[in-house]
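A.B. asks: In our numbering, the protein residues as written are 253 to 368.
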Ligand code: SF4
């Protein structure tokens, strides 16, 4: 059995997840979304990337970015390190793609601020 804290909403239910007869069973969730989270966390945990990249010719030093979808949790550190090496230049518009298909995941990294 594995235990996870559900991060779907602020209630933060503690989930107990186990597998019996090839079916993942979730206990401790107060709603259906928690069950889905528990099953996904057990089978293939994923997270959004939210971080910053270096930006030049701007009043701020780092541009906040986010992934367009979740990526495998096991690759978060590797891909965050890749982003740490990147420098972009102004102007950048919110929603601009900073990295297309990062790490061959099919997920893009986009700017969350406009810096002109
Ligand atoms: S199980 Fe439902 S109520 Fe509990 S933290 Fe997850 S989303 Fe929120």
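Just so it is clear, CB atoms sit at the ideal spot from N, CA and C, and this is done for glycine as well.
What first and last residue would you give for the alpha helix (DSSP H) that runs through residue 292?
C.D. replies: Your numbering for residue 292 matches position 40 in the chain shown. Residue 292 -> alpha helix (DSSP H) spans 284-295.
A.B. asks: Less than 8 angstroms between C-beta atoms, sequence neighbours within five positions excluded: which residues of the same chain meet that for residue 262?
C.D. replies: Locating residue 262 in the chain shown gives position 10, where the first residue counts as 1. Hits under 8 angstroms: none found.
A.B. asks: Alpha carbon to alpha carbon, what distance is there between residue 272 and residue 315?
C.D. replies: To locate residue 315, count along the chain shown from 1; it is residue 63. To locate residue 272, count along the chain shown from 1; it is residue 20. Those two C-alpha atoms are separated by around 46 angstroms.
A.B. asks: Is residue 262 a contact residue of the ligand SF4, with contact defined as CB to any heavy atom under 8 angstroms?
C.D. replies: As a working note, residue 262 is residue 10 in the chain shown. Under cutoff, so the answer is yes.
A.B. asks: As a quick exercise: from 366, 257, 256, 255, pick the residue whose alpha carbon is nearest that of residue 312.
C.D. replies: Along the chain shown, one-based indexing puts residue 312 at 60. Checking every option, the nearest Cα to that of residue 312 belongs to 366.
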